[in-house]
Structure formats: C-alpha cells, structure tokens
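Numbering (the working numbering), first residue to last: 99 to 369.
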C-alpha cells in the first residue's frame with residue numbers, strides 16, 4: 099500500500115533583495131536557507147535572486163548560467179544541507195546568448211525548472227529586449243505529496259496560466275517575483291494574487307523582492323482568498339520571512355463549498 103498523502107505542507111518565504119554580484123547572492127542563499135528553513139518542506143526565494151536585473155534595460159546575458167552552474171550547485175547544496183526543497187530565480191543560458199531565460203530553479207526533494215512565459219513588456223519596461231520567453235508548457239512539481247505549480251511575477255496577470263496549472267493538478271501555486279514598485283502596484287499584486295486563489299480554489303504563495311525598488315508584501319493566501327501570512331514592503335538591508343502551514347482539509351473544503359472548477363462550461367473547441 100502507498101503511504102497516505104500528507105495533509106500539511108510547511109512553507110517558508112524569504113523576502114530578500116538580490117545584489118548585482120552573483121557570488122554575494124550565492125552566499126546569502128546559503129546563509130538564509132540555513133537560518134530560516136527550519137522544518138519547512140518548501141523554501142521560496144524571489145525572482146532573479148541569482149542576480150538582480152540592474153537598471154531598467156540592462157544586459158543580463160553576462161550573468162546567465164546553465165542550471166547546473168554555480169547558482170544551481172549552491173541551491174542544491176543549500177537544499178540538501180537543510181533537508182528541504184528550495185525555489186529561487188536565475189537567468190539561464192539558452193539558445194540565444196544575448197537573451198537568456200528568466201528561470202525558476204527547484205532543487206531538493208525534486209529537481210525542476212520553469213522558464214518564465216510572459217515577459218514584462220508593460221508599464222514602460224521591455225523585458226523581451228533582454229530575455230527569451232519560455233515554452234508554453236505549465237510546470238507542476240510534487241513536493242511531499244502536494245502538487246505545486248510554478249509562475250513568475252508578470253505571469254500573475256494572465257489567469258489562463260494559473261488555470262492551466264490547476265488543470266494539471268496544482269493545489270498550491272508559487273509565485274516568485276520582483277514586482278516593480280509604482281502607483282497602484284501593491285494593490286494590483288494583492289488583488290491579482292487573491293483572484294488567482296479564489297477563482298482556482300488553490301493556495302497561492304508569492305514572494306517578492308523588497309522595497310524600495312520593488313513592492314515586497316510577500317504573502318500566502320488560502321483557497322478562499324484569505325491571507326494567512328504577509329510581510330511588509332521590507333528593505334534591501336533586512337530580509338523578512340513569512341512562515342505558514344497549509345492544510346489539505348481547507349483545500350478540500352474550499353472546493354466543496356465553491357465547486358467552480360467542476361461548474362465550468364466552455365465552448366467545444368476549448369474543452
């Protein structure tokens with residue numbers, strides 16, 4: 099007989115700023131994982147944690163690495179040392195040497211990666227000038243019996259990706275981000291995260307880089323859209339850590355009370 103599916107998943111979100119020096123970030127990743135992983139099953143760092151984007155429009159290609167390069171090695175070592183699974187963002191070498199991928203790397207109990215699909219060509223930015231979009235294939239991983247979908251930052255504004263992850267079994271969606279600060283941006287961040295949780299009856303755990311350049315406000319929402327834990331805007335000098343435990347009982351109750359996934363009616367071509 100197979101073991102019962104675990105009913106809980108322990109999460110730690112590390113809202114920490116990445117520096118422009120990759121070695122500094124690798125050292126910080128190792129230290130912060132050791133300090134804050136505790137008994138967490140899943141530890142999540144922000145988008146582009148291996149190296150910050152730099153000034154808007156900067157060429158990040160010199161900082162791209164293969165997934166088994168220095169950052170990937172540091173990530174795997176940190177996860178193994180703490181007996182957990184860790185997610186963090188990096189720039190990954192790809193077919194176009196001038197336009198790497200914006201990649202989430204997962205190491206620990208599972209090894210996986212997700213290349214950001216929706217590039218941030220919005221609010222005056224042109225991420226596609228410097229980065230390549232990933233393949234149109236949702237990524238769902240298994241972490242201690244929980245199905246975890248991966249999204250990155252701007253992906254949040256596209257509800258079809260979240261729904262595709264849930265259609266592939268996701269019970270938790272993880273959203274590492276570097277959500278750029280600006281008018282209404284925290285409102286958009288929190289509203290869109292709640293919408294993805296409610297409309298998909300799924301847990302959402304989102305971790306952003308901190309103020310002042312970014313918005314911070316890392317948070318975890320349950321499948322009813324209730325905030326379970328949330329950081330403030332934060333600062334580059336002092337990481338903030340969000341810890342919580344998610345419960346499959348709550349997921350099952352949300353999907354019983356609000357069976358919107360079962361109640362969908364789509365045109366025949368979309369079924």
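Note that beta-carbon positions come from the ideal geometry of N, C-alpha and C, so glycine has one too.
Sub-8 Å separation of residue i and residue j beta-carbons
i	j	result
residue 199	residue 232	yes
residue 106	residue 345	yes
residue 160	residue 276	no
residue 149	residue 120	yes
residue 295	residue 319	yes
residue 165	residue 207	no
Nonlocal neighbours in the same chain, by C-beta distance under 6 Å from residue i, ignoring five residues either side
i	result
residue 213	199, 201 and 232
residue 343	106 and 108
residue 349	269 and 321
residue 327	318, 340 and 342
Euclidean distance between Cα positions of residue i and residue j
i	j	result
residue 365	residue 359	15 Å
residue 211	residue 303	17 Å
residue 331	residue 297	26 Å
residue 157	residue 352	44 Å
residue 175	residue 128	8 Å
residue 357	residue 311	39 Å
residue 181	residue 220	39 Å
residue 137	residue 299	26 Å
residue 224	residue 154	9 Å
Local Cβ density within 10 Å of residue i, reported as buried at 16 or more and exposed below that
i	result
residue 118	exposed
residue 253	buried
residue 315	buried
residue 169	buried
residue 124	buried
residue 178	exposed
residue 114	buried
residue 250	buried
residue 133	exposed
Close-in-space but distant-in-sequence residues of the same chain around residue i (CB under 7 Å, 5 per side omitted)
i	result
residue 162	189, 190, 191 and 198
Same chain, Cβ closer than 8 Å to residue i, neighbours up to 5 away in sequence not counted
i	result
residue 142	109, 110, 111, 112, 184, 185, 186, 272, 274, 303 and 305
residue 234	215
For this session: Scan the segment 177 to 204 and note each continuous beta strand (DSSP E) run of 3 residues or more that stays entirely inside, going in chain order.
Result: 183 to 190
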